[in-house]
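**Q** Heads up: the protein sequence lines correspond to chains A and B, in order.
Each residue of the first sequence is one higher than the one before, starting from 16 at the first, in this note's numbering.
Each residue of the second sequence is one higher than the one before, starting from 5 at the first, in this note's numbering.
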Amino acid sequence: NAGVTQTPKFRVLKTGQSMTLLCAQDMNHEYMYWYRQDPGMGLRLIHYSVGEGTTAKGEVPDGYNVSRLKKQNFLLGLESAAPSQTSVYFCASSTDMNTEAFFGQGTRLTVV
Amino acid sequence: GENVEQHPSTLSVQEGDSAVIKCTYSDSASNYFPWYKQELGKGPQLIIDIRSNVGEKKDQRIAVTLNKTAKHFSLHITETQPEDSAVYFCAAVGSGGYQKVTFGTGTKLQVIP
Chain A
16 NAGVTQTPKF
26 RVLKTGQSMT
36 LLCAQDMNHE
46 YMYWYRQDPG
56 MGLRLIHYSV
66 GEGTTAKGEV
76 PDGYNVSRLK
86 KQNFLLGLES
96 AAPSQTSVYF
106 CASSTDMNTE
116 AFFGQGTRLT
126 VV
Chain B
5 GENVEQHPST
15 LSVQEGDSAV
25 IKCTYSDSAS
35 NYFPWYKQEL
45 GKGPQLIIDI
55 RSNVGEKKDQ
65 RIAVTLNKTA
75 KHFSLHITET
85 QPEDSAVYFC
95 AAVGSGGYQK
105 VTFGTGTKLQ
115 VIP
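1. Any beta-carbon of chain B closer than 9 Å to the one on Tyr63/A?
2. Would you verify that the beta carbon of Asn113/A is, or is not, closer than 9 Å to some beta carbon of chain B?
3. Give, in chain order, every residue of the region 43-56 of chain B whose Cβ lies closer than 9 Å to some Cβ of chain A.
4. First and last residue of the beta strand (DSSP E) that includes Ala96/A?
5. Output, in chain order, the set of chain B residues within a Cβ distance shorter than 7 Å of Phe105/A.
6. Could you name the residues of the same chain whose beta carbon sits closer than 7 Å to that of Asn80/A, not counting the 5 residues immediately before and after it, in chain order?
7. Check Asp88/B in the structure and name its three-state DSSP category.
8. Would you please verify whether the beta carbon of Val68/B is less than 9 Å from any beta carbon of chain A?
9. To the nearest angstrom, report how far apart Val126/A and Pro23/A are at their CA atoms.
10. Is DSSP giving His76/B helix, strand or coil here?
11. Could you tell me which residues DSSP pairs with His44/A in its beta bridges?
12. So that I know if they touch, is there some Cβ in chain A lying closer than 9 Å to that of Pro86/B?
13. Going by beta-carbon coordinates alone, are Ala95/B and Gly68/A separated by less than 9 Å?
14. Could you list which residues in chain A have their beta carbon closer than 8 Å to that of Pro38/B, in chain order?
15. What three-state label does DSSP hand Arg65/B in the structure shown?
16. For Ser22/B, is the classification buried or exposed, using 16 other Cβ atoms within 10 angstroms of its Cβ as the cut-off for buried?
17. Whose Cβ in chain B lies nearer than 9 Å to the Cβ of Gly68/A?
18. Using a Cβ-Cβ distance cut-off of 9 Å, determine whether Val19/A contacts chain B.
19. Are Val97/B and Asn35/B closer than 9 Å when you measure CB to CB?
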């Protein structure tokens, strides 16, 4: 049981480049989330999905887009990367709204 | 919106001693309070959680207490071991679920052998 898998683990982008982070879960969870983690700050919610084909904005959505075409996958896109998007990104999933969230191992993104 | 404050930001204890991490929250509608442990290079992992209708919960060496009136909850680790060294995050989840979650800023716990 792999749980939540994120790809890639590391990436360096130049300002203005685009990229997509992939999150895959094999637990048949309805809810999926993308967070960013910055030094000295807690995890902040970027976007989330409550089921296949649905997406919604979280606390810090600007500069990001998401898609959930398949229940098991949640993609996070950066159309035009900026240095302020340098961060560690975590994907998570859960069965319900108020239950344990399972996190991936993270993607460390550096925008230069 | 919700505001979660977590203290201390760093904590060093001798192996075998107890460690206590405290969090306060502002939104009385928050009803689920998970604690996550994050080891270096890994994603957060749930270690214990508590719901607003419960005052205390224990799982072996780990316990969490909740005071709804004062809006604070605490993580207690007894008989600490070197493998307890990690960053611990508290969170407060509102009635909207993880869409309404606010995480604390984390506590780096170091257990000295």
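Just so it is clear, CB atoms sit at the ideal spot from N, CA and C, and this is done for glycine as well.
**A** So, to answer that:
1. yes
2. yes
3. Gly45, Lys46, Gly47, Pro48, Gln49, Leu50, Asp53 and Arg55
4. Segment: none, Ala96/A is in no beta strand (DSSP E) and carries neither H nor E.
5. Gly47
6. Gly92 and Glu94
7. helix
8. no
9. 15 Å
10. strand
11. For His44/A, which the question treats as bridged, DSSP gives no partner whatsoever.
12. no
13. no
14. Glu115 and Ala116
15. coil
16. exposed
17. Simply none; closest approach about 17 Å.
18. yes
19. yes
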